[in-house]
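Report on one structure; see the data block that follows.
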Amino acid sequence: MQTAQRIIKSYRRKRVFVCVLMAVSTLILTLGSRYITERNLNRERILLFTSHAVSALEKVLIPLNEGRTRLIPLVGLPCEEAHLALRKQAASLQTVRSIGLIQKGILYCSSIFGFRDVPIRELQPSLPSPAPRLLLSTDNSLLKGSPILIQWFPTGDEGESGVMEVVNINLLTSLMLEPQKPLITSVSLTVGDRHLVYGAGVVGALPALNGEKRFKQASSRFPFAINVRGPGASELALKHLPSQLPLAIMLSLLVGYFAWLATANRMSFSWEINLGLAAHEFELFCQPLLNARTQQCEGVEILLRWNNPRQGWISPDVFIPIAEEHNLIAPLTRYVLTETQRQLALFPATPEFHIGINVAASHFRRGKLIQDLNHYWFNAHPVQQLVIELTERNALVEADYRIARELHRKGVKLAIDDFGTGNTSLSWLEKLRPDMLKIDKSYTTAIGTDAVNSTVTDIIIALGKRLHIEMVAEGVETPLQAKYLRQRGVHILQGFLYAKPMPLNDFPTWLASSRQQPPARHNGTMVPLVPMP
Ligand code: C2E
Ligand code: CA
Ligand code: CA
0 MQTAQRIIKS YRRKRVFVCV LMAVSTLILT LGSRYITERN LNRERILLFT
50 SHAVSALEKV LIPLNEGRTR LIPLVGLPCE EAHLALRKQA ASLQTVRSIG
100 LIQKGILYCS SIFGFRDVPI RELQPSLPSP APRLLLSTDN SLLKGSPILI
150 QWFPTGDEGE SGVMEVVNIN LLTSLMLEPQ KPLITSVSLT VGDRHLVYGA
200 GVVGALPALN GEKRFKQASS RFPFAINVRG PGASELALKH LPSQLPLAIM
250 LSLLVGYFAW LATANRMSFS WEINLGLAAH EFELFCQPLL NARTQQCEGV
300 EILLRWNNPR QGWISPDVFI PIAEEHNLIA PLTRYVLTET QRQLALFPAT
350 PEFHIGINVA ASHFRRGKLI QDLNHYWFNA HPVQQLVIEL TERNALVEAD
400 YRIARELHRK GVKLAIDDFG TGNTSLSWLE KLRPDMLKID KSYTTAIGTD
450 AVNSTVTDII IALGKRLHIE MVAEGVETPL QAKYLRQRGV HILQGFLYAK
500 PMPLNDFPTW LASSRQQPPA RHNGTMVPLV PMP
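Following numbering that gives the first Met the number 0, the numbering of the sequence shown begins with 0 at its first residue and continues without gaps.
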């Protein structure tokens with residue numbers, strides 16, 4: 000059996016565990032979702048940045064491609080004839096710095112300088128080329144050292160003649176490739192094996208990553224790519240996480256607090272009692288009451304047992320006080336009434352046979368007990384005598400005495416349980432007019448061992464006699480106690496000496512055998528003991 004303290008503590012531990020778990024989960028979920036959102040946002044930002052840069056450069060290169068049909072026929076024409084057309088074309092394309100015509104490897108006409116005679120290889124070693132080419136280079140003629148993009152369109156198969164358009168990407172670079180810190184720390188444009196790095200000009204190799212990450216997006220229309228470098232979408236999101244911590248902690252504390260409030264009922268022992276009632280985990284036991292003189296069974300006291308599948312057997316001394324505290328005692332008593340009524344056939348069907356039911360004083364309030372008896376007991380018209388055992392601990396309020404009188408009118412007997420342990424006054428007894436006094440087992444135990452208490456036992460018995468109240472002694476364990484009580488005129492005895500509480504189903508067998516043999520011989524051995532966990 001478990002003590003109330005231990006059970007309540009284990010519930011509190013579970014409740015604390017659940018609330019902490021919910022709070023921690025909220026913290027993890029909040030931070031996790033913030034991290035994922037931020038990381039995805041970072042990724043989107045990087046992608047948006049590179050897509051913008053790629054499409055901006057494509058927009059520069061597309062008109063160059065389109066103007067090529069107008070330029071190719073100019074190759075071979077004398078510079079005087081072609082120059083005006085070249086200049087017009089260069090002027091129409093804002094980003095184009097110059098357009099040059101090349102024949103047999105010689106740049107012979109430029110939109111800026113007019114007639115020229117420079118081997119193109121000297122200016123750009125990879126030109127001329129039989130295939131169209133996009134080159135990243137630096138200007139060697141006008142703005143020396145400034146980055147340029149060269150679009151080469153060959154005219155014939157031999158690849159020695161063609162048109163060269165030079166794009167000024169200096170301005171474009173500062174607009175397009177400017178890093179966006181802290182997400183993007185460096186941006187570069189890659190064409191072939193050359194790279195234009197923002198702030199560093201055209202270089203042959205990209206700078207080392209130094210623990211950073213690189214993301215590359217290539218153009219689908221032209222042979223170039225945009226590279227961005229930065230700490231990485233995930234890393235940056237992780238770095239920002241501490242700034243989300245105060246909000247996440249507040250949220251998780253709030254969730255923990257709500258969980259604490261929400262579990263107040265569910266994760267309490269009273270909730271468990273409700274579950275037990277719903278699942279019919281409570282079982283009725285009964286303990287016989289014997290006539291002290293004839294040793295015949297005159298009735299039983301119904302006692303609740305709880306075989307809780309989660310906690311094992313729980314003593315009524317544990318769950319009854321908790322049920323009383325949480326207003327669950329009335330549902331428990333209703334359960335006892337219903338189950339006893341359902342199994343009435345197990346008891347002798349005579350009006351002399353007593354069936355004692357324990358009732359808490361709180362159940363007397365506002366006539367609740369009368370309503371419940373009407374509903375769960377009298378509707379079956381039981382033949383047996385109902386005895387309501389009311390413990391002396393819980394005092395009745397003035398209005399409840401009327402209920403006690405109403406019970407009498409209905410033929411219900413009233414017994415004062417655990418008599419001698421409370422602070423009963425004579426006037427209380429007179430008002431209540433109980434039919435029985437059940438001497439508490441501590442006084443029975445005192446017989447023959449504790450002189451002071453056994454004197455009190457004598458006084459209690461004398462009091463009962465004077466008030467003409469039937470006396471019942473509980474907790475009779477030895478023949479000596481039984482003899483003592485019998486000699487002093489106690490009418491009914493109850494205790495392990497005769498029988499321990501037994502499941503209701505075992506009672507008919509016990510009763511049959513007790514009628515065949517002297518009851519003392521059973522001494523509780525043939526009936527099942529109170530199950531112990
Ligand atoms: P109680 O009403 O005083 O019940 C008598 C208690 O004494 C029972 O304990 C019984 O098993 C025990 N007992 C009987 N004979 C002996 C004996 O010879 N020696 C010893 N040592 N004990 C004996 P139980 O069944 O554990 O119940 C404890 C208390 O729980 C009851 O005390 C009663 O106050 C409460 N209880 C039990 N069932 C119900 C119920 O259905 N409703 C209410 N309200 N209370 C109940
Ligand atoms: Ca009792
Ligand atoms: Ca008692």
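All residues carry an ideal CB built from backbone N, CA and C; glycine is no exception.
beta-carbon residue i near ligand 1 non-hydrogen atom, thresh 7 angstroms
i, result
"L331", "yes"
"N357", "yes"
"S426", "no"
"K440", "yes"
"F268", "no"
"L484", "no"
"E297", "no"
"Q286", "yes"
"Q493", "yes"
"R303", "In the sequence on display, residue 303 carries Leu and not Arg. Result yes, Cβ under 7 angstroms from ligand 1."
"E429", "no"
Any non-hydrogen atom of ligand 3 within 7 angstroms of residue i CB
i, result
"K499", "no"
"D417", "yes"
"K544", "An answer regarding residue 544 cannot be provided, because it is not within the stretch 0 to 532 covered by the chain."
"K437", "yes"
Within 8 angstroms, strictly: CB atoms of residue i and residue j
i, j, result
"Q480", "T443", "yes"
"D399", "R432", "no"
"R33", "L327", "no"
"L385", "V411", "yes"
"P500", "L302", "yes"
"A52", "M175", "yes"
"I272", "F318", "yes"
"Y197", "P178", "yes"
"K437", "E473", "yes"
"I491", "E297", "yes"
"A403", "V471", "no"
"W151", "L134", "yes"
"Q88", "R115", "no"
"P146", "I119", "no"
"A84", "L73", "yes"
"K103", "S54", "no"
"L496", "V475", "yes"
"R44", "S233", "no"
"F281", "W305", "yes"
"D416", "L389", "yes"
Beta-ladder partner(s) of residue i, from DSSP
i, result
"E211", "DSSP, once it has assigned bridges, lists no residue as partnering E211."
"I147", "S136, N167"
"T25", "Answer is none; T25 lacks a bridge partner."
"C296", "L289"
"I319", "I319 is not bridged to any residue."
"V227", "V186, F214"
"A472", "I438, L492"
"I354", "V299, L385"
"W376", "Paired residue(s): none; W376 is not in a bridge."
"H194", "T189, V202"
"N306", "W312"
Residue i beta carbon near ligand 2 (any heavy atom closer than 7 angstroms)
i, result
"E388", "yes"
"E405", "no"
"D399", "no"
"E300", "yes"
Ligand 4 heavy atom lying under 7 angstroms from the CB of residue i
i, result
"E473", "Here the bound small molecules are ligand 1, ligand 2 and ligand 3; ligand 4 is not part of this structure."
Any chain C beta carbon closer than 8 angstroms to residue i
i, result
"S54", "Annotation note: the requested chain C is absent from the structure, which comprises a single protein chain."
- Are the region 266-276 and the region 325-338 in contact at 8 angstroms, needing three or more beta carbon pairs? yes
query = Quick one: any contact between the region 452-464 and the region 482-491, if contact means 3 or more CB pairs under 8 angstroms?
reply = yes
Original post:
With a cut-off of 8 angstroms, do at least 3 Cβ pairs link the region 160-167 to the region 58-72?
Top reply: yes
Spell out a yes or no on whether the region 218-228 and the region 183-201 are touching, meaning 3 or more CB-CB pairs, one atom from each, closer than 8 angstroms. yes
message = With three or more beta-carbon pairs closer than 8 angstroms as the criterion, would you say the region 254-262 touches the region 454-468?
response = no
Check: Would you call the region 283-298 and the region 347-365 in contact, with 3 or more CB pairs under 8 angstroms?
Finding: yes
**Asked** Is it a yes or a no for the region 28-44 touching the region 240-248, going by three-plus beta-carbon pairs under 8 angstroms?
**Response** yes
**OP:** Check whether the region 73-90 touches the region 135-150, taking contact to mean three or more Cβ pairs, one atom from each stretch, closer than 8 angstroms.
**Re:** no
- prompt: So, do the region 200-219 and the region 123-133 have three or more beta carbon pairs nearer to each other than 8 angstroms?
  reply: no
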